[in-house]
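Engineer: Mind looking over this structure? Questions follow.
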Amino acid sequence: MHKEDQALIFELSKPGRIGYSLPELDVPEIDINELFPEGYVRAEEPELPEVSELDIMRHYTALSKRNHGVDSGFYPLGSCTMKYNPKINENVARFNGFAHIHPLQDESSVQGALELMYDLQEHLIEITGMDQVTLQPAAGAHGEWTGLMMIRAFHEANGDVKRTKVIVPDSAHGTNPASATVAGFETVTVKSNENGLVDIEDLRKVVGEDTAALMLTNPNTLGLFEENILEMAEIVHGAGGKLYYDGANLNAVLSKARPGDMGFDVVHLNLHKTFTGPHGGGGPGSGPVGVKAELIPFLPKPLIVKKGDEFAFDYERPQSIGRVKPYYGNFGINVRAYTYIRSMGPDGLKAVTENAVLNANYMMRRLALHFDLPFDRHCKHEFVLSGKRQKKLGVRTLDIAKRLLDFGYHPPTIYFPLNVEECIMIEPTETESKETLDEFIEAMIQIAKEAEDNPEIVQEAPHTTVVGRLDETMAARKPVLRYQKH
Amino acid sequence: MKHRYLPMTESDQKSMLDTIGVSSVDEIFNDIPEQVRFKGEYKIKKAKPESALMKELSQLAGKNADLKANTSFLGAGVYDHYIPVIVDHVLSRSEFYTAYTPYQPEISQGELQAIFEFQTMICELTGMDVANSSMYDGGTALAEAAMLSTGQTKRKKVLVSGAVHPESKEVVETYAKGQYIEVVEVPHKNGVTDLEALEQLMNDEVAAVIVQYPNFFGRIEPMEKIEEISHSFKSMFVVSSNPLALGALTPPGKFGADIVVGDAQVFGIPTAFGGPHCGYFAVTSKLMRKVPGRLVGQTIDDEGRRGFVLTLQAREQHIRRDKATSNICSNQALNALAASVAMTALGKNGVREMAVQNIQKAYYAKNALKEQGIEVVFDGPSFNEFVIKLNKPIKEVNQRLIEKDMIGGYDLGRDFSDLENHMLVAVTELRTKEEIDIFAKELGDYHA
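Chains A and B, in that order, give the protein sequences.
The C-terminal position of the first sequence is numbered 486 in my numbering, with every residue numbered one higher than the one before it.
The C-terminal position of the second sequence is numbered 448 in my numbering, with every residue numbered one higher than the one before it.
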């Protein structure tokens with residue numbers, strides 16, 4: 001171990017210490033060896049740590065200090081909508097009546113939970129302009145796959161079995177093509193034009209009798225609104241395909257444009273992005289899916305319905321694609337999203353988008369003086385810069401990102417989307433103040449200057465983090481994926 | 001408008017509009033075509049102030065019968081267990097819960113190391129070589145296991161035991177449709193996988209044999225025999241396992257499993273009406289590069305300090321797009337952290353002690369019910385669940401129990417037409433002898 005290494009919990013273990021307080025065994029003790037056939041009682045104990053409660057708290061507190069969250073500082077990670085996670089959401093999700101209820105309890109004993117889910121569905125229906133919503137998918141990618149499975153079921157129900165292809169723009173998230181594959185489709189890529197938008201002529205070329213759907217993020221991953229959306233919808237619908245809306249960027253259009261009004265047939269939302277379910281270090285998320293009327297029969301089961309004053313699960317759905325998840329989705333995240341929507345109201349949600357978009361455009365205009373701006377037009381909630389100019393000086397976008405760590409920032413998304421060279425994708429969100437944006441802009445300007453005057457300081461960054469750049473090649477060549485006691 | 005989450009002031013807005021060179025916010029939205037522009041406000045509920053909203057939602061939560069105010073004997077894949085208080089204190093460190101995927105390792109070492117520790121603990125419990133950083137839940141993890149097995153063996157059929165959780169089985173079937181995989185059920189016989197039926201169904205088109213251990217009815221499967229049958233046809237042996245049970249039972253890895261999946265909800269994660277929980281996914285080292293989802297690996301930095309990174313990413317959707325091993329992106333990281341803290345608190349001794357207590361209390365409950373004249377069906381070696389047969393519909397029984405602040409077991413008739421009036425009873429370490437006695441007495445009275 002290097003002297004500065006953070007100990008693993010296993011390295012703090014000492015035989016004989018405990019960190020738990022189990023209930024007392026108040027029933028007669030029996031030797032479990034008598035209850036199981038030979039070979040079924042565990043012979044070797046699992047090597048789990050033996051530590052005290054304070055050891056545990058200190059360990060995880062130390063780890064938390066080696067982690068950057070939204071509460072630690074600015075986190076302009078493009079496409080991820082790293083906005084403030086309201087604290088009331090956390091309290092509400094921890095109410096006993098939400099946190100400690102069982103999914104298989106009798107419906108009559110969980111009416112409050114069903115009411116919340118039903119009302120959340122109703123709110124999401126209005127926000128997206130769709131006709132029905134399922135809360136079952138656990139995350140965005142899960143929602144994508146669910147939506148595509150419904151589209152497949154729809155075509156099959158119409159005897160339209162030759163629709164094997166899903167069209168995805170070259171700027172799309174990697175989950176889009178991956179979800180298409182898992183749903184049994186082949187992916188076809190449609191090019192972007194010089195304005196960063198889907199190339200309509202190319203779309204006409206790739207669309208055909210084999211088109212099941214076009215998956216689109218709008219605004220797209222460059223932060224640009226696909227202005228020709230109605231024409232695109234016409235092309236795809238004209239060929240008999242369906243339009244799928246990836247809701248990753250919904251924060252850009254709340255109260256401004258609804259996917260349902262743009263011609264989309266299926267929509268997934270990322271409640272952990274726009275609707276403040278915390279990102280949790282990579283999850284859990286929640287990825288509800290909304291559909292237009294003709295796709296309702298194919299929604300996963302069960303669906304939550306209202307019968308008079310009672311709420312119930314509807315399992316009688318013969319055309320449903322089936323279950324996509326045990327139980328009913330990531331309820332705890334749905335509770336948080338619901339709390340957020342109720343905290344904002346209609347005027348609040350409108351202000352969310354307006355401020356998010358204003359923040360992004362302000363940053364874009366100020367930074368455009370120092371970095372290349374590939375698409376010079378109003379952006380929506382995020383924008384992309386190119387580090388081309390700095391690359392000529394020997395400073396790559398990766399270096400700029402690493403240098404930002406020294407200023408206490410989480411860097412923007414980099415090298416995505418793939419159709420912009422040395423891409424830097426910035427999404428400030430609406431919860432950041434102008435002062436925060438200005439400080440970040442100043443840091444970026446300083447780094448741009450350093451790239452000219454003192455490139456080494458950027459190339460060798462970060463200088464202030466608990467570890468320096470890590471050897472990722474070694475990690476992949478000789479994978480060490482678990483601790484092993486020596 | 002003013003809102004506590006929105007810091008922009010009127011003067012901020014004015015100076016920002018000036019910098020952008022527009023006169024109004026609306027102008028920035030001019031690129032949205034007139035025909036699709038949404039005018040006005042959403043027809044949704046008006047915003048509520050913090051205190052009023054807390055009150056309203058607290059009342060809504062109060063309409064639910066929760067497991068803290070009621071005594072629960074309900075399990076069927078989701079369990080009411082001891083959650084060390086410290087778990088929520090760790091989870092509430094916002095450096096963890098307000099972070100995203102650790103793509104920038106230098107400022108994400110905390111999360112990365114915690115996941116590395118999680119991976120290690122899952123390997124230890126399951127007896128497998130490699131575990132990933134989490135899946136959505138046990139059900140989708142099982143579906144991913146089925147897909148991995150078909151990809152690896154180039155076969156298109158999986159056999160699923162009839163004693164696998166019915167909802168997980170349904171999820172496997174949904175995924176299988178997408179992948180054109182045939183799912184064939186192996187019937188259970190007296191609550192365990194029917195080996196004769198399994199042998200008859202086996203052939204060299206079978207990619208995997210999927211069982212649950214302990215199974216949906218709480219029973220222990222004949223693991224050596226199932227392993228032998230699967231591997232003799234070069235099919236994969238896939239096991240869905242409650243990781244708590246593995247504190248006391250021989251892990252699937254020891255029985256030669258190729259893939260072990262399940263849900264770590266049993267460790268420090270509230271039932272939360274079914275989610276978020278925490279799927280896990282563990283494999284032999286041979287399958288390391290086929291695993292879905294994120295993996296954390298150990299490495300060093302430029303000065304030789306130990307550090308952790310996301311690794312073997314060539315498997316994943318953001319690199320491989322349509323050729324990725326899975327489409328999973330967001331996982332259940334925060335719940336994996338909860339499970340890690342709980343597994344750490346329990347430690348080597350506590351996991352075993354807790355698992356053994358489950359066995360002993362369930363055994364006690366089984367006998368207490370028998371003494372009331374209630375038949376235990378599929379009786380045999382079991383973990384913390386077992387099946388009883390009553391002479392009344394379970395829904396009716398449960399509605400009577402809730403009046404006495406008890407949440408009865410799972411109505412098996414919902415999924416198995418031949419198990420009308422059968423209840424799956426779960427007894428965890430949290431149930432006291434007194435609670436068990438009252439429950440047995442109540443059921444005995446109804447049954448009489």
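Quick reminder that beta carbons are idealized off the backbone N, C-alpha and C, glycines included.
Taking Phe29/B as the reference, which of Leu367/A, Val357/A, Lys392/A, Ile56/A has the closest Cα?
Structural biologist: Here residue 29/B is taken as the residue at index 29 of the second sequence, counted from 1. Answer by Cα proximity: Val357/A.
Engineer: At the level of alpha carbons, what is the spacing between Ala7/A and Gln113/B?
Structural biologist: To locate residue 7/A, count along the first sequence from 1; it is residue 7. To locate residue 113/B, count along the second sequence from 1; it is residue 113. The straight-line gap from Cα to Cα measures roughly 10 Å.
Engineer: Have a look at Asn489/A and Gly178/B and give me their C-alpha separation to the nearest angstrom.
Structural biologist: The requested residue 489/A does not occur in the structure, where chain A is confined to residues 1 to 486.
Engineer: Decide if Tyr315/A is buried, meaning its Cβ has at least 16 other Cβ atoms within 10 Å, or exposed.
Structural biologist: To locate residue 315/A, count along the first sequence from 1; it is residue 315. Exposed, since its Cβ has fewer than 16 Cβ neighbours within 10 Å.
Engineer: Report back the beta-carbon spacing between Thr325/B and Lys290/B to the nearest angstrom; my notes put them in contact at under 8 Å.
Structural biologist: Within the second sequence, the letter at position 325 stands for residue 325/B. Within the second sequence, the letter at position 290 stands for residue 290/B. Yes, they are in contact, since the Cβ atoms of Thr325/B and Lys290/B sit about 6 Å apart, within 8 Å.
Engineer: By how many angstroms is the C-alpha of Lys366/B removed from the C-alpha of Val427/B?
Structural biologist: The residue labelled residue 427/B in the question sits at position 427 within the second sequence. The residue labelled residue 366/B in the question sits at position 366 within the second sequence. About 9 Å.
Engineer: I'd like to know whether the C-beta of Asp301/B is nearer than 8 Å to at least one C-beta of chain A.
Structural biologist: The count along the second sequence starts at 1 and reaches residue 301/B at position 301. It does: the Cβ of Asp301/B has a partner Cβ on chain A nearer than 8 Å.
Engineer: What separation, rounded to the nearest whole angstrom, lies between the Cα atoms of Ser51/B and Ser343/A?
Structural biologist: Within the second sequence, the letter at position 51 stands for residue 51/B. Within the first sequence, the letter at position 343 stands for residue 343/A. Distance between the alpha carbons of Ser51/B and Ser343/A: 10 Å.
Engineer: From what residue to what residue does the alpha helix (DSSP H) around Gly139/B run?
Structural biologist: Translated into positions along the second sequence, residue 139/B becomes position 139. Looking at the DSSP string, the run of the alpha helix (DSSP H) that includes Gly139/B is 138 to 153.
Engineer: Are the C-beta atoms of Asp194/B and some chain A residue less than 8 Å apart?
Structural biologist: By 1-based counting over the second sequence, the position of residue 194/B is 194. For Asp194/B, the answer is no, since every Cβ of chain A falls outside 8 Å of its Cβ.
Engineer: State yes or no: is the C-beta of Ala368/B within less than 8 Å of the C-beta of Ile436/B?
Structural biologist: By 1-based counting over the second sequence, the position of residue 368/B is 368. By 1-based counting over the second sequence, the position of residue 436/B is 436. Cβ distance < 8 Å, so Ala368/B and Ile436/B count as in contact.
Engineer: Quick one: residues in its chain with C-beta nearer than 8 Å to the C-beta of Thr181/A, no 5 flanking neighbours on either side, listed in chain order?
Structural biologist: The residue you call residue 181/A lines up with position 181 of the first sequence. Only Thr187 meet the Cβ criterion.
Engineer: Since Pro166/B is in the alpha helix (DSSP H), which residue starts that stretch and which ends it?
Structural biologist: The residue given as residue 166/B occupies position 166 in the second sequence. Here the alpha helix (DSSP H) through Pro166/B covers 166 to 179.
Engineer: For chain B, check one thing: does any of its Cβ atoms lie closer than 8 Å to the Cβ of Leu158/A?
Structural biologist: Against the first sequence, residue 158/A aligns to sequence position 158. Going by the sequence as given, residue 158/A is Asn instead of Leu. With 8 Å as the cut-off, Asn158/A does not count as an interface residue toward chain B.
Engineer: In the DSSP assignment, the alpha helix (DSSP H) including Lys491/A goes from what residue to what residue?
Structural biologist: Summary: the structure shown does not reach residue 491/A, with chain A confined to residues 1 through 486, and so no result is reported for it.
Engineer: From Leu201/B to Ala146/B, what does the alpha carbon distance come to, in whole angstroms?
Structural biologist: Working through the second sequence from its first residue, we reach residue 201/B at position 201. Working through the second sequence from its first residue, we reach residue 146/B at position 146. The alpha-carbon atoms of Leu201/B and Ala146/B are separated by roughly 17 Å.
Engineer: For the alpha helix (DSSP H) containing His422/B, list its first residue and its last residue.
Structural biologist: The count along the second sequence starts at 1 and reaches residue 422/B at position 422. Premise fails: His422/B lies in the beta strand (DSSP E), 422 to 426, not in any alpha helix (DSSP H).
Engineer: Of the residues that make up the region 171 to 194 of chain B, which ones have a beta carbon closer than 8 Å to any beta carbon in chain A?
Structural biologist: Flagged, chain order: Val171, Glu173, Thr174, Tyr175, Lys177, Gly178, Gln179, Tyr180.
Engineer: Give a yes or no on whether 8 Å exceeds the smallest Cβ distance from Phe98/A to chain B.
Structural biologist: By one-based count along the first sequence, residue 98/A stands at place 98. Cβ-Cβ to chain B under 8 Å: yes for Phe98/A.
Engineer: Thinking Phe176/A and Glu226/A are a contact (beta carbons under 8 Å), I'd like their distance in whole angstroms, please.
Structural biologist: For the purposes of this step, residue 176/A is taken as residue 176 along the first sequence, with counting starting at 1. For the purposes of this step, residue 226/A is taken as residue 226 along the first sequence, with counting starting at 1. First, the amino acid is wrong: residue 176/A is Asn here, not Phe. Not really, about 15 Å apart at Cβ, beyond 8 Å.
Engineer: Note down, in chain order, each residue of its chain lying with its Cβ closer than 6 Å to the Cβ of Asp463/B, except the 5 sequence neighbours on either side.
Structural biologist: The requested residue 463/B does not occur in the structure, where chain B is confined to residues 1 to 448.
Engineer: Does any C-beta atom of chain B lie closer than 8 Å to the C-beta of Gln459/A?
Structural biologist: Numbered from 1 along the first sequence, position 459 holds the residue referred to as residue 459/A. Chain B contact via Cβ: absent.
Engineer: Using three-state DSSP, classify Phe439/B as helix, strand or coil.
Structural biologist: Residue mapping note: residue 439/B aligns to position 439 of the second sequence, counting from 1. Of the three classes helix, strand and coil, the one that applies to Phe439/B here is helix, per DSSP.
Engineer: For the region 233 to 247 of chain A, which residues have a CB atom closer than 9 Å to at least one CB atom of chain B, in sequence order?
Structural biologist: Flagged: no residues at all.
Engineer: Under a CB-based cut-off of 8 Å, is Leu334/B close to chain A?
Structural biologist: As a working note, residue 334/B is residue 334 in the second sequence. So, interface residue.
Engineer: For chain A, find out if any of its Cβ atoms is closer than 8 Å to the Cβ of Pro270/B; answer yes or no.
Structural biologist: Sequence index remark: in the second sequence, residue 270/B carries index 270 (1-based). Cβ-Cβ to chain A under 8 Å: yes for Pro270/B.
Engineer: Suppose you measure from the CA of Glu115/A to the CA of Ala99/A; what does that come to, to the nearest Å?
Structural biologist: In the first sequence, the residue the question calls residue 115/A occupies position 115. In the first sequence, the residue the question calls residue 99/A occupies position 99. Going by the C-alpha atoms only, they are around 15 Å apart.
Engineer: Figure out for me which residue from Leu310/B, Gly191/B, Leu424/B has the closest Cα to the Cα of Pro102/B.
Structural biologist: On the second sequence, position 102 is the one that residue 102/B refers to. The residue with the shortest Cα to Cα distance from Pro102/B is Leu310/B.
Engineer: Assign Leu271/A to one of three DSSP states: helix, strand, or coil.
Structural biologist: Taking the first sequence and counting its residues from 1, the one referred to as residue 271/A is at position 271. Coil.
Engineer: Note the first and the last residue of the continuous alpha helix (DSSP H) segment covering Cys329/B.
Structural biologist: What you label residue 329/B is simply residue 329 of the second sequence in a count that begins at 1. Unbroken run through Cys329/B: none, as it is neither H nor E.
Engineer: How long is the line joining the alpha carbons of Asn331/B and Ser134/B, rounded to whole angstroms?
Structural biologist: Along the second sequence, one-based indexing puts residue 331/B at 331. Along the second sequence, one-based indexing puts residue 134/B at 134. Whole-angstrom Cα-Cα distance: 6 Å.
Engineer: Would you say Lys157/B and Ala207/B are within 8 Å of each other, going by their C-beta atoms?
Structural biologist: On the second sequence, position 157 is the one that residue 157/B refers to. On the second sequence, position 207 is the one that residue 207/B refers to. Cβ distance < 8 Å, so Lys157/B and Ala207/B count as in contact.
Engineer: Is the Cβ-Cβ distance between Ala239/A and Leu148/A less than 8 Å?
Structural biologist: Taking the first residue of the first sequence as 1, we reach residue 239/A at position 239. Taking the first residue of the first sequence as 1, we reach residue 148/A at position 148. No. Outside cutoff.
Engineer: Using 8 Å for Cβ pairs, my map puts Pro252/B next to Tyr280/B. What's the rounded Cβ distance?
Structural biologist: Working through the second sequence from its first residue, we reach residue 252/B at position 252. Working through the second sequence from its first residue, we reach residue 280/B at position 280. At roughly 12 Å, the Cβ-Cβ gap does not stay under 8 Å, so Pro252/B and Tyr280/B are not in contact.
Engineer: What ranges does the beta strand (DSSP E) occupy inside the region 135 to 202 of chain A, keeping only unbroken runs of at least 3 residues that lie completely in it?
Structural biologist: List check, beta strand (DSSP E) in window: 165 to 169, 186 to 190.
Engineer: Counting contacts by CB-CB distance shorter than 8 Å, is Asp475/A in contact with chain B?
Structural biologist: Working through the first sequence from its first residue, we reach residue 475/A at position 475. First, the amino acid is wrong: residue 475/A is Ala here, not Asp. Ala475/A counts as touching chain B.
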